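Colleague: Starting off with a structure, shown below.
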Amino acid sequence: MDVLELPAGGLCALVGPPGSGKSTFAARYPDSWRVCLDVYRRLATDSEADQSATPVAAEIQNLLLDARLSRGLNVLVDSTNVLPHVRAHLLARVRYWQRPAVAVLFDVPLATVEAQNAGRDRVVPPHIVREHHQLLPDAAQLHREGFAAVHLVSELLATPGALRRAARN
Numbered sequence: 041m042d043v044l045e046l047p048a049g050g051l052c053a054l055v056g057p058p059g060s061g062k063s064t065f066a067a068r069y070p071d072s073w074r075v076c077l078d079v080y081r082r083l084a085t086d087s088e089a090d091q092s093a094t095p096v097a098a099e100i101q102n103l104l105l106d107a108r109l110s111r112g113l114n115v116l117v118d119s120t121n122v123l124p125h126v127r128a129h130l131l132a133r134v135r136y137w138q139r140p141a142v143a144v145l146f147d148v149p150l151a152t153v154e155a156q157n158a159g160r161d162r163v164v165p166p167h168i169v170r171e172h173h174q175l176l177p178d179a180a181q182l183h184r185e186g187f188a189a190v191h192l193v194s195e196l197l198a199t200p201g202a203l204r205r206a207a208r209n
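Each position in the sequence shown, counted from 1, maps to that position plus 40 in the numbering used here.
Have a look at this one:
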């Protein structure tokens, strides 16, 4: 299995618009590492798309983040994470538990994201995909926010074996 080596006991935030490949990337790791708002919305309402369930889903995610981080277990946050206040909340939890945090930035061209979104089982409205793509931070912004390392998907996929090497930023 081709995976990026993540810091032990830390948090890895996947940052990208719907359709950028975050869940496909997350599937490379143990299921127990993954926290995902879509999953918790589905569990609460039978629909991943029901945004009214986001507050409940966020509470579930927070409980699992704390449970895993307090035990020094890896956490992979499989959500868009394109909003600065969402990332700030994740980083606050990491600081509280004194754990490392890295980000994987899905710097995928908009045309690719739109095509991948159109081929999904649950298609996100195109205007939402475009909006989230415009909200993408760059690597420098993620570093300034407090992520110890930022991995660009474009570089990981373009470099043979990059997903197997430990990242050093």
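All C-beta atoms in this analysis are idealised placements derived from N, C-alpha and C, irrespective of residue type, glycine included. Since this is a predicted model, take the numbers as computed values, not measurements.
What is the rounded straight-line gap between the Cα of Ala151 and the Cα of Gly49?
Modeller: The residue labelled residue 151 in the question sits at position 111 within the sequence shown. The residue labelled residue 49 in the question sits at position 9 within the sequence shown. Distance between the alpha carbons of Ala151 and Gly49: 35 Å.
Colleague: Apart from the five residues on each side of it in sequence, which residues of its chain come closer than 6 Å, Cβ to Cβ, to Asn121?
Modeller: As a first step, residue 121 must be located in the sequence shown, where it is residue number 81. Once the five neighbours on either side are set aside, the close Cβ partners of Asn121 are Ala53, Val55, Arg127.
Colleague: Name the two residues that bound the continuous beta strand (DSSP E) containing Leu189.
Modeller: Counting from one through the sequence shown, the residue named residue 189 turns up at place 149. First, the residue type needs correcting, since residue 189 is Ala and not Leu in the sequence shown. First-last of the beta strand (DSSP E) with Ala189: 189-192.
Colleague: Should Leu123 and Leu83 be called a contact, given that it needs their Cβ atoms to be closer than 8 Å?
Modeller: Position 83 of the sequence shown, counted from the start, is the residue given in the question as residue 123. Position 43 of the sequence shown, counted from the start, is the residue given in the question as residue 83. No Cβ-Cβ contact shorter than 8 Å links Leu123 with Leu83.
Colleague: Mark His173 as exposed unless 16 or more other C-beta atoms lie within 10 angstroms of its C-beta, in which case mark it buried.
Modeller: Looking up residue 173 in the sequence shown gives position 133. Its Cβ being crowded by 16 or more others within 10 Å, His173 is buried.
Colleague: Within the continuous beta strand (DSSP E) that includes Val55, where are the two ends?
Modeller: Residue mapping note: residue 55 aligns to position 15 of the sequence shown, counting from 1. Here the beta strand (DSSP E) through Val55 covers 51-55.
Colleague: So Ala151 is in the alpha helix (DSSP H); what residue range does that whole segment cover?
Modeller: As a working note, residue 151 is residue 111 in the sequence shown. Ala151 -> alpha helix (DSSP H) spans 150-158.
Colleague: Would you mind sorting Glu88 into buried or exposed? The rule is 16 or more other CB atoms within 10 Å of its CB.
Modeller: Translated into the one-based positions of the sequence shown, residue 88 becomes position 48. It is buried - the Cβ of Glu88 has at least 16 other Cβ atoms within 10 Å.
Colleague: Going by Cα to Cα distance, which pick from Ser60, Val96, Leu51, Tyr80 is closest to Leu158?
Modeller: In the sequence shown, residue 158 corresponds to position 118, counting from 1. Sequence inspection shows Ala at residue 158; the Leu mentioned does not correspond to that position. Ala158 has its Cα closest to that of Ser60, out of Ser60, Val96, Leu51, Tyr80.
Colleague: Please report the distance separating the alpha-carbon of Arg74 from that of Gly112.
Modeller: To locate residue 74, count along the sequence shown from 1; it is residue 34. To locate residue 112, count along the sequence shown from 1; it is residue 72. Our two residues, Arg74 and Gly112, have alpha carbons roughly 14 Å apart in a direct line.
Colleague: Please list, in chain order, all residues of the same chain as Thr85 whose beta carbon is under 7 Å from its beta carbon, the five residues on each side excluded.
Modeller: Here residue 85 refers to the residue found at position 45 when the sequence shown is read from its first residue. Here the set comprises Ala93.
Colleague: Which same chain residues end up closer than 6 Å to Arg205 when comparing Cβ atoms and leaving out the 5 residues on each side of it in sequence?
Modeller: To locate residue 205, count along the sequence shown from 1; it is residue 165. Residue placement at Arg205 cannot be trusted, given a pLDDT of 35 that sits under 50; what the coordinates show is reported in the next sentence. Result list for Arg205: empty, nothing under 6 Å.
Colleague: Touching or not, the region 163-171 and the region 135-143, by the rule of three or more beta carbon pairs under 8 Å?
Modeller: no
Colleague: What residues are listed by DSSP as bridge partners for Arg74?
Modeller: Here residue 74 corresponds to residue number 34 of the sequence shown, with the count starting at 1. Leu116.
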